[in-house]
Amino acid sequence: MIKQSFIILDSVTENKERKLWQLCKDWNQFLSSEEELTKDFMIHKNQIEDAKKALYDFDQTHFTKLLPPSMHWRLYDHFKDDAVFLDIETTGFRGGTTVVGLYDGKDTHILVRDQTLDSKTLQNLIDRYKLIVTFNGASFDLPVLRNEYGIDFTKHLHMDLRGVCRKVGLTGGLKNIEKETGISRDDDVEGISGADAVVLWKKYKKTGDEQYLNLLVKYNEEDIINLKPLADMVVPKLWEQVRNL
């Protein structure tokens, strides 16, 4: 996807990109063209060479400067092995994070308030990865963690699946989209909502009964684990839509 994206070039809008695709399909064709395909052809050739080097070096920071977060989905295919799927649970108020879940496609890391959740631990975990994948994280998860724990996300790509889903016609919350796309949840947490997660934490703090915390953690794990098949499904679909394939 990214190697066919010309929106990384100065002054190239999505409309201009679509016109460029009629002349060449990817970066290599652009570089080998004997015809000047854009007004700033030589500048654009240099920018593509820089982007190719950044991809080779797996330097995600190069693209955080070139693309707005709404376009970071185009890098998912290249950086998926360095991606972490993130979701938080809260007390229902900003500044009240109770659980942070991270999933790298193989293992989950669950951080719990007053136990394992602190700024240093969370930042170190996040810094292992180059791409963060969330659902509604742009307006909720990341701002909450930034404000409450001072987490620095500036070096990371961020793909908010809510926006990607909306562009391919999938609307509503994560649970609704999971049902629509056939992604299932464990019976233990099927039917539990975000509001229920708030109640589970309150019951755990009030009673000290680990069953409430365990259920909350299981719910969070299902959230992050299900983000991966959703991403694998909707990102290619959006690319086909953008490229009119």
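Residue numbers (our numbering): 53 to 297.
Every residue, glycine too, gets a C-beta built ideally from N, C-alpha and C.
At the C-beta level, D78 and K104 stay beyond 8 angstroms of one another. With distances taken between CA atoms, G202 lies nearest to L169 out of L169, T259, N228. Contact annotation: the segment 217-228 does not touch the segment 253-262, with fewer than three C-beta pairs closer than 8 angstroms. Going by beta carbons, L138 and L118 fall outside the 8 angstroms limit.
Spatial neighbours of Y128 in its own chain (CB-CB distance under 8 angstroms, excluding positions within 5 residues in sequence) are listed in chain order as M53, A135, L183, V185, M211, A283, V287. By the neighbour-count criterion, in which 16 or more other beta carbons inside 10 Å mark a residue as buried, D193 falls on the buried side. Out of E292, D111, E66, Y271, the CA that lies nearest to the CA of V241 is found in Y271. For G153, DSSP records a beta bridge to D139, I162. When beta bridges are read from the DSSP output, H210 appears opposite I184. Per DSSP, reduced to three states, the secondary structure at K91 is coil, with no helix or strand assignment. Counting of Cβ neighbours within 10 angstroms places D275 among the buried residues, the total reaching 16 or more. DSSP places Q175 within a helical segment (H, G or I) once states are collapsed to three. Taking E230 as the centre and dropping the five residues before and after it, the same chain places the C-beta of S236, R237, N278, L282 closer than 8 angstroms to its C-beta, in chain order. Between L209 and the set T65, I178, T160, T173, the nearest pair of CA atoms involves I178. For the options K255, K254, A249, the alpha carbon positioned closest to that of L268 is the one of A249. Here W291 has M53 as same chain residues with Cβ atoms under 6 angstroms from its own Cβ, once five neighbours each way along the sequence are excluded.
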